[in-house]
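J.: Here it is: the structure, laid out below.
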Amino acid sequence: MVFVHLSESRRMHTNQLLNCIKRVVFCTKRTPHCTCLFERYFTVHHVLRSPKKKTTSLYSSVDSGRYSSLVKSVVSTRVSSQTPESIEEENSHFYGPVVKSHTRTSKVKVPKHVHPFLNCDDDDDDDDGAHGREFFGPPTRISLQRDGKASVPSVTRVLQDTLSPLQRFYLERWKRRMITELGEEGFKEYTLNLFRQGGLFHNAVENFLSQDATATETKPADVIPGSYPTEIEGYMESIGYILEDISGVRAIESTVHHGTLDYRGIVDCVARYRGVLCAIEWKTSEKPKPHLSNTFDNPLQVAAYAGALNGDNNYKYQVEKGLIVVAYKDGSPGHAHPLNSTQMLDYWERWLVRLEEYMEKNKSR
DNA sequence: GGATCCTTCTTCTTCTTC
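What follows is the structure, encoded as structure tokens:
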């Protein structure tokens, strides 16, 4: 909750005051600091904006040089100031490094010694991750065993069930807006259509890579216009230039199961991207996703699959890197987001937190 | 035959004026 002293706030423009409040609300986890931060913003604003003060201001002792960057960001309406990064930066200016909240850390302990990526050296690009073993033969395709082991959590279920409250909020808001626009039935149809297109796209990529894998290891085939269902032609065109960099396909739509952590999933693809062995996820998207940060939990998904594959006896090689490929329906160039070993480890750790959280929530079931 | 499994997607601050 934010309290604003109205007699003081009257001199502020409404939108600037709101800006300050929004910044404070954004940092919900550090209430005392935020309150203090708000006071600082408030103070700084007054130092700057007090109209030709003739009287001694209560704030005259403020070191305005020290707060100049804050002043700029608060007063300027052109600065995109309300990003988590800028807030972090400004906070650390005042308070030093932020001690991260541990609220998402569950009490159920996943063994931390389980290290999924053995070679975390980024200079090993000449090694394909298979530790010297070259790969021959058709790609692995282990279909999901419907063995009735419903208790084994899947990657998507874990990620879905452990979305943060903020993620849930935005998703719910988006859903409400879509239903308002399309109606309940329209929204259902829209969602089904998205899933159908995603499924068709995956099948098309799968077929493409299967042919490619049997054809040659080194020379990729071309995406041939007109050879796919109309509704996914654009998606295929979109990733055509990325597929040219894919070679040495080792697994396609194959089930992975982590023997120790006991979770499973289906990895889209394991192949070399520009010579580096990666766990690959193909994604369709309506919105452009030019940055890795636009892909939400996709990197966790990739790290979870790679970690599972490395902990699965059915696969005799290790995967230490990842790739997320985003395709667009209008055929505009897709985006390839490679994940190096360091990023993979980082996302693996985040995945473990989510897995722990899931196990904690479901341990009584 | 029916039910279930794993996926397929969806979010990212948000306003007004030039």
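Going by the working numbering, the first residue of the first sequence is number 919, and it counts up by one from there.
Note that the Cβ used here is the ideal one computed from N, Cα and C, for glycine as well.
No experiment lies behind these values; they were computed from the predicted model shown.
So residue 1256 is in the alpha helix (DSSP H); what residue range does that whole segment cover?
T.: Run containing residue 1256: none in the alpha helix (DSSP H); it sits in the beta strand (DSSP E), 1253–1257.
J.: Which first and last residues belong to the alpha helix (DSSP H) in which residue 1160 is found?
T.: Here the alpha helix (DSSP H) through residue 1160 covers 1148–1161.
J.: Does DSSP classify residue 1186 as helix, strand or coil?
T.: Strand at residue 1186.
J.: Could you name the residues of the same chain whose beta carbon sits closer than 6 angstroms to that of residue 1256, not counting the 5 residues immediately before and after it, in chain order?
T.: Counting only Cβ-Cβ distances below 6 angstroms, and skipping sequence neighbours, we find 1241.
J.: Is it buried or exposed, residue 1087, if we count other Cβ atoms within 10 angstroms and call 16 or more buried?
T.: Exposed: under 16 other Cβ atoms inside 10 Å.
J.: Run through DSSP, which three-state label would residue 1281 get?
T.: The answer is coil: DSSP assigns residue 1281 none of H, G, I, E or B.
J.: Using the beta-carbon count (16 or more within 10 Å), is residue 1172 buried or exposed?
T.: Classification for residue 1172: buried.
J.: Please report the Cβ distance between residue 1115 and residue 1202, rounded to the nearest whole angstrom; I am assuming they are in contact, meaning their Cβ atoms lie under 8 angstroms.
T.: Confirmed, Cβ separation roughly 6 angstroms.
J.: Residue 1268 and residue 1210: beta carbons closer than 7 angstroms?
T.: No.
J.: When DSSP builds the beta bridges, which residues end up paired with residue 1191?
T.: Answer is 1164, 1194.
J.: Quick one: what's got a C-beta closer than 7 angstroms to residue 1208's C-beta in the same chain, skipping five residues either side?
T.: Around residue 1208: 1253.
J.: I'd like to check one pair, residue 1076 with residue 1263: are the Cβ atoms closer than 7 angstroms?
T.: No, the Cβ-Cβ distance between residue 1263 and residue 1076 is not below 7 angstroms.
J.: Please return the same chain residues whose Cβ sits closer than 7 angstroms to the Cβ of residue 1157, not counting the five positions on each side in sequence.
T.: Once the five neighbours on either side are set aside, the close Cβ partners of residue 1157 are 1243, 1245, 1252.
J.: Does DSSP put residue 1237 in a helix, a strand or coil?
T.: Here residue 1237 sits in coil by DSSP.
J.: Suppose the cutoff is 7 angstroms on Cβ atoms and the five residues either side in sequence are ignored; what does the same chain contact list for residue 1160 look like?
T.: Around residue 1160: 1243, 1252, 1254.
J.: Counting only the same chain and skipping the five closest in sequence on each side, list residues whose C-beta sits under 6 angstroms from that of residue 1215.
T.: Taken in chain order, the residues that qualify are 1077.
J.: Between residue 1249 and residue 1152, is the Cβ-Cβ spacing less than 7 angstroms?
T.: Cβ distance < 7 angstroms, so residue 1249 and residue 1152 count as in contact.
J.: If residue 1223 sits next to residue 1185, beta carbons under 8 angstroms apart, how far is it from one beta carbon to the other, in whole angstroms?
T.: About 4 angstroms separates the two Cβ atoms, so the contact holds.
J.: At what residues does the alpha helix (DSSP H) containing residue 1210 begin and finish?
T.: Per DSSP, residue 1210 belongs to no alpha helix (DSSP H) and is neither H nor E.
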